[in-house]
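Asks:
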Amino acid sequence: MAKPALVALGAIVLVAGGAALGYGVTRKPSGGMTREQSDAMGAAVNGLDSDVKAARASVKERAATLATLQQVQAAVATDAATAKDMLEKGELQFTPQPGEVIELGQIPKGQPAVTLLIQPQGAMHSSHAGTAGSFADMMGDKVVITEVASVTPREGAGELTGYIMVSRPLELKPSIDRLGAAGIAGSIELGAEKRTIGSPPANAQLQTVPLPSLPDVKLVVAVPPKAGGMPMPIVAGGGVGLGLGLILLVAGLLARGSAAAGTGSTQTGMGTGTTGFGTAPTQAGVTAAGTPYPYDPGQSLVGPNNLAPGAMVGRWEIIKRLGSGGMADVYLARAKGEAGFEKTVAVKVMHPHLARNQRAVEHFLDEARLAARIHHPNVVAIQDLGKIGNDYVIVMEYVDGVDLDRLLQGARAAQRLVPVDVALGIMCRICDGLNAAHKALAPDGTPLNIVHRDVKAANVLVSRQGGVKVVDFGIAKAAQQSHNTVAGETKGTPSMMAPEQRVGEQVDVRADVYSTGAVAYEILTGHGVNLDLAALAHLGVENWPHLPLPSSLRPQLPAELDGILLNAMAFERERRPADCAAFEAAFERVMKQYAMTASDKDIARWVASELALMPSPPPDPLGVTTSA
């Protein structure tokens, strides 16, 4: 074959093979759950969870109220005939609400429970009778919520105990219809009971999402298997074609080169002295003439070219890069020791251009030293701080979780509300961490007077285990200053910033109370806020912060939260809670009044449900913010 023809054939085969390989590699698989289906699943879980919480609160309050009635306390000390007679004569004045079942009974000492009265007449007896507590059962297309309260009899308290039981059914049909309309198949399960939804496709993967308020109730969704994707025959054929074309092309070029050398050809192109394949010289990494190199490259131990997995930053071995922010790159790293000891941390490496700004470096180091003085479970711990070569490094606790802002954005986009008890539990933990920072002392016992000044949802991490941690104490300010501000200008997030901070006045802990109030408004109402003074100044100070009452946006909220949140965001700092401890105490009073609790496990279940409902897995970093 003629040499030009060989080159041409090689080029054609090379292009065809590359095209086939590119098509095969980049072909996206079909199947899986669509965005619409994910939204429908989120709406179904959120709606059912809200209904369950409302029903549980209602039956609990109803049973507790009935248990205190004197007529009920008298009736449980009698017998079934007397209790029925008391009802007919109007002495027992309680009427079941639609769908509600009320059972009255007694438990003689050492004997099983005895039913005295069931209303409405003919309603089914519950197996939970006599056992105080909260219960849930599935019956057909309903989840039955039950509360059993103990009743102290007016007579014979040493011989028996009374009980009052209130049950209320919840219809599953609205959730089932919503899921079915979106083409979702699966089931709603509670214990051994199951309500099937549609027909799951063959080879489907099952995704289980428990209700945050009642984890025993699970939505099990059949996710269609992904089809298509990378077709291996096409990929393999493309690879073979690519290799064959390369061989033909090289062979043709070498043959032409030999011929040209033998005849003394002066033809331009790929002749003597040229390189057909290999690494072409570039200007990458070359400093322009006349421009001094900003720092000694030999002293930069953690530059962008050598922080691949396995690279060492001091004694820390890089696992992977987590992200980058205005001030630093953040890496997941670990330290290894003897006897198999290993510790995982997050390492922040200050950007080299900021390392040349002395003021930025001072902020980076000073604020990190301050944060290292805070020792509290609700604050991300600073573990090490120093300079390696020309690079400034902060080593901090790694939190396996996600920032609160990402959770709220996902919930808001799908119109899911954070359960009130979980939201208040998170806020109490944020306040607790901030209060620890505000009260932190120097080694000599003098107050450090730390004020975060950038409290926002993005600076709160929530772990998969339900831990809540405040991060970035003041470190982010240096990045904003060196890039966007000059000395004396305000730094922080304007939409969450107290008015006095926005105009550059001296701030105290009440500025953090203000920003924390803004976070509380977002997590409790499901609505974002913009409290930037520049955007609201034309509305005046009266009625500040010019936000709707929280309960008007979410009627299920306790009315007491309206005043608590709006006072925290008062224009005049004197009207706000004195500190985050006082703010936390206000939240705790509401939780106690409405019998709400939020353990780490409760928060962890909510985090798990939100992560499961996100359209795609949350990207790294899952343990640090990179805003700094």
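Reading the sequence shown from the start, the letters are residues -9 to 618 in our numbering. By construction, the Cβ of each residue, glycine as well, lies at the ideal position given by its N, Cα and C atoms. Remember, predicted model here, so these are calculated numbers, not experimental data.
Could you say if the segment 418 to 425 and the segment 573 to 581 meet the contact criterion of at least three C-beta pairs nearer than 8 Å?
Replies: yes
Asks: Rounded to whole angstroms, what is the Cα-Cα separation between E550 and L59?
Replies: If you number the sequence shown from 1, residue 550 lands on position 560. If you number the sequence shown from 1, residue 59 lands on position 69. Approximately 27 Å between the Cα atoms of the pair.
Asks: Would you call R565 buried or exposed, if buried means 16 or more other Cβ atoms sit within 10 Å of its Cβ?
Replies: Reading the sequence shown from its first residue, position 575 is the one you call residue 565. Exposed, by the Cβ-count rule.
Asks: By the three-class DSSP mapping on this structure, what secondary structure does A139 have?
Replies: One-based indexing of the sequence shown puts residue 139 at position 149. DSSP places A139 in strand when its eight states are reduced to three.
Asks: Can you list, in chain order, the residues of its chain with a C-beta nearer than 8 Å to that of A598? Leave out the 5 residues immediately preceding and following it.
Replies: As a position in the sequence shown, residue 598 is number 608, starting the count at 1. P200, R454, listed in sequence order.
Asks: Using a threshold of 8 Å, state whether the C-beta atoms of L94 and V62 are closer than that.
Replies: As a first step, residue 94 must be located in the sequence shown, where it is residue number 104. As a first step, residue 62 must be located in the sequence shown, where it is residue number 72. At the C-beta level, L94 and V62 come within 8 Å of one another.
Asks: Could you pull out every residue in the same chain whose Cβ sits closer than 6 Å to the Cβ of A304, ignoring the five residues on either side in sequence?
Replies: Within the sequence shown, residue 304 is the residue found at index 314, counting from 1. In the sequence on display, residue 304 carries Gly and not Ala. Contacts found: I378.
Asks: Taking the DSSP output, what are the residues bridged to P540?
Replies: Position 550 of the sequence shown, counted from the start, is the residue given in the question as residue 540. DSSP, once it has assigned bridges, lists no residue as partnering P540.
Asks: What did DSSP end up calling K79 once you bin it into helix, strand or coil?
Replies: Residue 79 sits at position 89 when you count from the first residue of the sequence shown. K79: coil per DSSP, three-state reduction.
Asks: Taking three-plus beta-carbon pairs below 8 Å as touching, is the segment 380 to 390 in contact with the segment 495 to 515?
Replies: no
Asks: Per DSSP, what kind of secondary structure is D381 in: helix, strand or coil?
Replies: The residue you call residue 381 lines up with position 391 of the sequence shown. Note: D381 maps to strand in three-state DSSP.
Asks: In whole angstroms, what separates the C-alpha of S541 from that of L547?
Replies: Reading the sequence shown from its first residue, position 551 is the one you call residue 541. Reading the sequence shown from its first residue, position 557 is the one you call residue 547. The alpha-carbon atoms of S541 and L547 are separated by roughly 5 Å.
Asks: So, for L38: in the same chain, excluding its five sequence neighbours on each side, which residues have a beta-carbon less than 6 Å away from its beta-carbon?
Replies: The residue you call residue 38 lines up with position 48 of the sequence shown. Within the same chain, L38 has close Cβ partners S165.
Asks: Could you have a look at T55 and say whether DSSP puts it in helix, strand or coil?
Replies: Counting from 1 along the sequence shown, the entry for residue 55 is found at position 65. In the three-state DSSP reduction, T55 falls in the helix class (H, G or I).
Asks: DSSP beta-bridge partners for M302?
Replies: In the sequence shown, residue 302 corresponds to position 312, counting from 1. Within the DSSP secondary-structure output, M302 pairs in a beta bridge with E307.
Asks: The beta strand (DSSP E) with K338 in it runs from where to where?
Replies: As a working mapping, residue 338 is identified with position 348 in the sequence shown. Unbroken beta strand (DSSP E) run through K338: 332 to 340.
Asks: Mind checking F561: buried by the 16 CB within 10 Å criterion, or exposed?
Replies: Your numbering for residue 561 matches position 571 in the sequence shown. The residue is buried, with at least 16 neighbouring Cβ atoms inside 10 Å.
Asks: What's the gap between the Cα of E332 and the Cα of R324?
Replies: By one-based count along the sequence shown, residue 332 stands at place 342. By one-based count along the sequence shown, residue 324 stands at place 334. Roughly 7 Å separates the two Cα atoms.
Asks: Determine the contact status of Y153 and A175, defining contact as a CB-CB distance below 8 Å.
Replies: Working through the sequence shown from its first residue, we reach residue 153 at position 163. Working through the sequence shown from its first residue, we reach residue 175 at position 185. No, the pair does not count as a contact, with Cβ atoms beyond the cut-off.
Asks: Within the continuous alpha helix (DSSP H) that includes L556, where are the two ends?
Replies: On the sequence shown, position 566 is the one that residue 556 refers to. Its alpha helix (DSSP H) spans residues 550 to 558.
Asks: Looking only at C-alpha atoms, which of R396, A212, T136 sits nearest to N449?
Replies: Position 459 of the sequence shown holds residue 449. Among R396, A212, T136, the Cα nearest to that of N449 is on R396.
Asks: For the beta strand (DSSP E) that Q96 lies in, which residues bound it at each end?
Replies: Within the sequence shown, the letter at position 106 stands for residue 96. That run of the beta strand (DSSP E) goes 91 to 98.
Asks: Do P98 and A149 come within 8 Å of each other at the CB atom, strictly closer than that value?
Replies: Position 159 of the sequence shown, counting from 1, holds the residue named residue 149. Position 108 of the sequence shown, counting from 1, holds the residue named residue 98. At residue 149 the sequence reads Glu, which differs from the Ala that was named. Yes, the pair counts as a contact, with Cβ atoms nearer than the cut-off.
Asks: Provide the residue(s) that pair with Y153 in DSSP beta bridges, ordered along the chain.
Replies: Your numbering for residue 153 matches position 163 in the sequence shown. Y153 is bridged to G95, S140.
Asks: Quick test of your reading: V320 and A336, contact by CB under 8 Å. State the CB separation rounded to the nearest angstrom.
Replies: Counting from one through the sequence shown, the residue named residue 320 turns up at place 330. Counting from one through the sequence shown, the residue named residue 336 turns up at place 346. Confirmed, about 6 Å.
Asks: Look up Q197 in the DSSP assignment and give the residues it is bridged to.
Replies: On the sequence shown, position 207 is the one that residue 197 refers to. According to DSSP, Q197 bridges with V211.
Asks: In whole angstroms, give me the CA-to-CA distance for T198 and K591.
Replies: Position 208 of the sequence shown, counting from 1, holds the residue named residue 198. Position 601 of the sequence shown, counting from 1, holds the residue named residue 591. Spanning the two alpha carbons is a distance of roughly 17 Å.
Asks: Of all the options A103, I364, L297, which has the alpha carbon lying nearest to the alpha carbon of P433?
Replies: Along the sequence shown, read from residue 1 onward, the residue named residue 433 stands at position 443. Residue I364 is the option with its Cα nearest to P433.
Asks: Hey, which unbroken runs of the alpha helix (DSSP H) at 4 residues or more fall wholly within the segment 355 to 438?
Replies: 394 to 403, 410 to 428
Asks: Cα separation between A34 and D167?
Replies: If you number the sequence shown from 1, residue 34 lands on position 44. If you number the sequence shown from 1, residue 167 lands on position 177. Taking the straight line from one Cα to the other gives about 9 Å.
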